[in-house]
Amino acid sequence: MIIDRTLSAGWELREAGADDWLPATVPGSVQQDLIAAERLPDPYYRMNEFETQALEDQDWEYRSAFTLMAEDLEADEINLVFEGIDTYGDVYLNDIYLGSTANMFHAHAFDVTETVREGDNTLRVTLHSAVSTIRALRDNSPLPLISSTEPARPYIRKAQYAYGWDWGPRVVQIGLWRPVRLEIARRARVVSPYAYARSISDDVASVHVEAQVDSYVDADLSAEVQITLEGATKASARVPVTNVRGVEGLDALLEVPEPRLWWPNGYGDQPLYDVTIRLLDGDEVLDETTFRTGLRTIRLIQEADVEGKSFILEVNGVRVFCKGANWIPAESLLPRLTAEDYHDYVRLAAEAHMNMLRIWGGGIYEDPAFYEACDERGVMVWQDFMYSCAQYPDEMDWFQEAARIEAEEVVTALRNHPSLVLWCGNNENNWGFDEWWHVGVPKYLGNYVYREILPAVCAELDPSRPYWVSSPYGGEHPNGPEEGDRHQWMVWSNWQDYGLYRQDTGRFLSEFGFQAMPDWKTVLSYTAPEDRSILSPVMRSHNKMAEG
Numbered sequence: 016m017i018i019d020r021t022l023s024a025g026w027e028l029r030e031a032g033a034d035d036w037l038p039a040t041v042p043g044s045v046q047q048d049l050i051a052a053e054r055l056p057d058p059y060y061r062m063n064e065f066e067t068q069a070l071e072d073q074d075w076e077y078r079s080a081f082t083l084m085a086e087d088l089e090a091d092e093i094n095l096v097f098e099g100i101d102t103y104g105d106v107y108l109n110d111i112y113l114g115s116t117a118n119m120f121h122a123h124a125f126d127v128t129e130t131v132r133e134g135d136n137t138l139r140v141t142l143h144s145a146v147s148t149i150r151a152l153r154d155n156s157p158l159p160l161i162s163s164t165e166p167a168r169p170y171i172r173k174a175q176y177a178y179g180w181d182w183g184p185r186v187v188q189i190g191l192w193r194p195v196r197l198e199i200a201r202r203a204r205v206v207s208p209y210a211y212a213r214s215i216s217d218d219v220a221s222v223h224v225e226a227q228v229d230s231y232v233d234a235d236l237s238a239e240v241q242i243t244l245e246g247a248t249k250a251s252a253r254v255p256v257t258n259v260r261g262v263e264g265l266d267a268l269l270e271v272p273e274p275r276l277w278w279p280n281g282y283g284d285q286p287l288y289d290v291t292i293r294l295l296d297g298d299e300v301l302d303e304t305t306f307r308t309g310l311r312t313i314r315l316i317q318e319a320d321v322e323g324k325s326f327i328l329e330v331n332g333v334r335v336f337c338k339g340a341n342w343i344p345a346e347s348l349l350p351r352l353t354a355e356d357y358h359d360y361v362r363l364a365a366e367a368h369m370n371m372l373r374i375w376g377g378g379i380y381e382d383p384a385f386y387e388a389c390d391e392r393g394v395m396v397w398q399d400f401m402y403s404c405a406q407y408p409d410e411m412d413w414f415q416e417a418a419r420i421e422a423e424e425v426v427t428a429l430r431n432h433p434s435l436v437l438w439c440g441n442n443e444n445n446w447g448f449d450e451w452w453h454v455g456v457p458k459y460l461g462n463y464v465y466r467e468i469l470p471a472v473c474a475e476l477d478p479s480r481p482y483w484v485s486s487p488y489g490g491e492h493p494n495g496p497e498e499g500d501r502h503q504w505m506v507w508s509n510w511q512d513y514g515l516y517r518q519d520t521g522r523f524l525s526e527f528g529f530q531a532m533p534d535w536k537t538v539l540s541y542t543a544p545e546d547r548s549i550l551s552p553v554m555r556s557h558n559k560m561a562e563g
């Protein structure tokens with residue numbers, strides 16, 4: 016079994032080498048804590064964005080302490096887990112170096128079984144600048160990478176929008192941005208559970224359930240798998256724990272009678288089944304985990320026709336007209352967002368009759384609350400992997416390994432959400448090379464990630480969903496109208512008449528739009544009275560699209 020102990024209290028931070036420590040919030044960011052201490056202005060007000068950029072080359076230290084009892088140390092394994100470190104971190108426990116991190120997109124776990132002690136334990140994390148570090152990597156690299164906003168950003172596995180975009184400010188967040196916890200494991204535990212419908216008819220759904228098992232006991236274990244809906248058991252089975260694809264785990268196929276299917280918003284209901292796995296030694300329960308999923312099938316239909324090839328998502332055998340928008344991060348300082356914020360945003364999308372949000376590849380893999388809200392509201396998710404508008408150093412071994420680990424962690428974490436209907440390799444990188452970058456560089460760097468690493472991980476860990484190489488992608492030209500998906504920005508950035516939208520014959524427009532002024536209430540929140548002119552320095556600073 017696992018006992019999770021959240022380490023959220025008692026944190027402090029300081030600039031590396033400084034004398035004074037400030038109270039810190041974890042999850043949080045250095046910028047948020049400096050704002051709370053009135054040492055930094057809010058970056059959204061007027062032109063304060065540029066003051067926050069003065070922090071970009073600084074390193075920071077976090078510290079905290081926690082107490083363990085003698086019985087805690089009797090555990091078979093104790094792991095220190097950081098769900099999100101942004102980004103380059105060195106971790107120490109009781110002044111013993113545990114390791115370093117270089118990816119904000121997934122959790123980092125350290126085995127501290129032999130490092131923790133009874134009584135007080137001291138935890139320290141040094142965070143290194145996410146600007147000076149990547150510029151040093153770029154300066155020592157022979158690869159001619161091209162990227163927008165920050166030339167060195169392809170070298171870091173961090174939210175790319177942090178370095179500025181054509182819709183938002185440059186705020187290079189640094190901090191422990193997701194929870195920190197201790198995992199105290201005894202005897203055995205269930206890891207990475209997964210369930211999906213292999214086939215569905217009116218009478219029955221065949222549901223595949225699997226999980227890995229970490230066992231610290233010498234015993235023949237088994238597992239009870241139970242699928243329930245609104246408290247009523249719909250299917251159950253007891254299966255042995257065996258070797259499943261090279262690791263210890265369980266594998267079961269359950270038949271759910273008269274399945275209630277999960278549908279996109281506007282096409283039906285969104286019933287969510289609970290899947291429970293109990294790990295057993297005889298009749299003794301060693302560990303138990305429950306997660307939610309929905310029963311549905313997904314298929315990407317690409318059929319040849321006189322104009323090219325279709326691009327249609329089919330859910331439960333029904334072709335769906337996808338209506339929605341792109342989702343970019345809702346904050347520059349991400350830990351400000353709450354679960355309630357995510358549920359409110361998704362509710363608004365559903366009430367606007369949207370049934371899809373595309374998580375854009377320059378942001379983050381979103382908070383669990385976002386996907387839970389989409390599951391509940393029937394809002395389908397097109398999930399980009401986080402590569403956007405750049406060439407990436409895929410000829411470097413360390414980058415290939417980072418891409419593989421990130422993909423494995425992300426796919427495993429998100430694959431139980433019925434709302435997630437498609438994986439996509441990147442945002443605009445194929446298009447960028449075909450349209451612009453090929454003039455200055457000899458080859459398309461990053462292509463190995465999108466065509467080899469990502470599809471292989473998706474096929475192995477999540478065979479229930481289609482994988483799409485890039486967005487836009489398809490046909491002789493990556494952004495052509497004949498097949499695949501298409502981005503239409505001629506109205507916004509090329510000043511074409513909005514009537515052009517009615518003439519566009521793209522098969523699936525996964526990006527389009529044009530900018531407008533925000534609500535007046537919003538304008539009041541970031542301006543002083545003298546700023547409220549369309550051509551004032553503050554308003555021009557907040558308009559990040561020069562051609563918009």
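Count the sequence shown with our numbering and you get residues 16 to 563, in order. Beta carbons: idealized from backbone N, C-alpha and C, even for Gly. Note that the coordinates shown come from a computational prediction; the quantities given were computed from them, not determined experimentally.
#1: Could you pull out every unbroken beta strand (DSSP E) segment of at least 3 residues lying fully inside the stretch 59-112, listed in chain order?
#2: In whole angstroms, what is the alpha-carbon distance linking Leu348 and Ser325?
#3: Apart from the five residues on each side of it in sequence, which residues of its chain come closer than 6 Å, Cβ to Cβ, to Ser403?
#4: Okay, do the stretch 200-210 and the stretch 287-305 touch, 3+ Cβ pairs below 8 Å being the bar?
#5: Taking 7 Å as the cut-off, is the CB of Glu89 close to at least one heavy atom of the ligand HEM?
#6: Given a cut-off of 8 Å, decide if Gly393 and Ala364 are closer than it, judged by their beta-carbon atoms.
#7: Just how far apart, CA to CA, sit Pro433 and Gln285?
#8: Output needed for Met554: all residues of its chain with C-beta closer than 7 Å, excluding positions within five of it in sequence on either side, in chain order.
#9: How many Å lie between Ala39 and Tyr357 at the Cα?
#10: Within 10 angstroms of its Cβ, does Ser162 collect 16 or more other Cβ (buried), or is it exposed?
#11: Taking the alpha-carbon positions, what's the Leu88 to Glu76 distance?
#12: With a threshold of 8 Å, are at least 3 pairs of Cβ atoms found where one atom belongs to the stretch 184-192 and the other to the stretch 224-233?
#13: Hey, Leu22 and Ser79 are a contact pair by Cβ (cut 8 Å); roughly how many whole angstroms apart?
#14: Using 8 Å as the cut-off, can you tell me whether the stretch 118-134 makes contact with the stretch 85-100, which would need three or more C-beta pairs spanning the two stretches below that distance?
#15: For Ala247, report the span of its alpha helix (DSSP H) as first-last.
#16: Leu240 by DSSP, collapsed to three states: which one?
#17: Please state the DSSP three-state secondary structure of Lys536.
#18: Would you identify the three-state DSSP class for Arg547, choosing helix, strand or coil?
#19: Which value, in whole angstroms, describes the spacing of the CA atoms of Ala90 and Asp135?
#20: Could you pull the start and end residues of the beta strand (DSSP E) that Phe414 belongs to?
#21: In the DSSP assignment, what residue or residues form a beta bridge with Gly134?
#22: Kindly identify the DSSP beta-bridge partner or partners of Phe527.
#23: What number of angstroms, rounded off, separates the C-alpha of Trp1 from the C-alpha of Asn331?
#24: Bridge partners of Gly514, per DSSP?
#25: Taking C-alpha atoms, which residue in Ala422, Gln241, Pro408 and Trp342 lies nearest to Tyr386?
#26: What does a CB cutoff of less than 8 Å around Leu315 pick up in its chain, not counting 5 residues either side in sequence?
#27: Along the chain, where does the alpha helix (DSSP H) that runs through Ile149 open and close?
#28: Could you tell me if Thr308 is buried or exposed, where buried requires 16 or more neighbouring beta carbons within 10 angstroms of its beta carbon?
#29: Under a three-way DSSP split, which group does His453 fall into?
#30: Specify the secondary structure class of Leu482 as computed by DSSP and reduced to three states.
According to the data block:
#1: Within the stretch 59-112, the runs of beta strand (DSSP E) that reach at least 3 residues and sit entirely inside it are, in chain order, 75-83, 92-97 and 103-108.
#2: A straight line joining the alpha-carbon of Leu348 with that of Ser325 spans about 39 Å.
#3: Excluding sequence positions up to five before and after Ser403, its CB lies within less than 6 Å of the CB of Gln175, Gly376, Gly377 and Asn442, all in the same chain and listed in chain order.
#4: With the cut-off at 8 Å, the stretch 200-210 and the stretch 287-305 touch.
#5: Although the ligand HEM was asked about, the structure shown includes no ligands whatsoever.
#6: Contact flag unset, no.
#7: Approximately 9 Å, taken between the alpha carbons.
#8: So the qualifying residues of the chain are Asp546 and Ser548.
#9: Their backbone Cα atoms lie some 24 Å apart in a straight line.
#10: Counting C-beta atoms within 10 angstroms of its own C-beta, Ser162 has 16 or more neighbours from the protein chains shown and is therefore classed as buried.
#11: The alpha-carbon atoms of Leu88 and Glu76 are separated by roughly 27 Å.
#12: As far as the Cβ criterion goes, the stretch 184-192 does not touch the stretch 224-233, which means the pair count is below three.
#13: Indeed, because the Cβ distance is near 6 Å, the residues count as touching under 8 Å.
#14: Flag = yes, the stretch 118-134 and the stretch 85-100 touch.
#15: Taken as a continuous stretch (DSSP letters only), Ala247 belongs to no alpha helix (DSSP H), being part of the beta strand (DSSP E) at Ala247 to Pro255.
#16: Note that residue 240 is Val in the sequence shown here, rather than Leu. In the structure shown, Val240 adopts extended strand secondary structure according to DSSP, grouped into three states.
#17: In this structure, Lys536 counts as helix in the three-state DSSP scheme.
#18: Three-state DSSP puts Arg547 in coil, outside helix and strand.
#19: So the alpha carbons of these two residues sit roughly 17 Å apart.
#20: Taken as a continuous stretch (DSSP letters only), Phe414 belongs to no beta strand (DSSP E), being part of the alpha helix (DSSP H) at Asp412 to Leu429.
#21: Beta-bridge partners of Gly134 (DSSP): Leu83.
#22: Answer is Gln503.
#23: For the chain, the structure presents residues 16 to 563; residue 1 sits outside this window and is missing.
#24: The partner list for Gly514 (beta bridge, DSSP) is empty, contrary to what the question assumes.
#25: For Tyr386, the closest alpha carbon among the candidates Ala422, Gln241, Pro408 and Trp342 is that of Trp342.
#26: For Leu315, where only same-chain residues beyond five positions count, the Cβ hits under 8 Å are Phe326, Ile327, Leu328, Glu329, Leu437, Pro481 and Trp483.
#27: In the DSSP assignment, Ile149 falls within the alpha helix (DSSP H) that extends over Ser147 to Asp154.
#28: Buried, by the Cβ-count rule.
#29: Correct three-state label for His453: helix.
#30: Rather than Leu, the amino acid found at residue 482 in this sequence is Tyr. Three-state result, Tyr482: strand.
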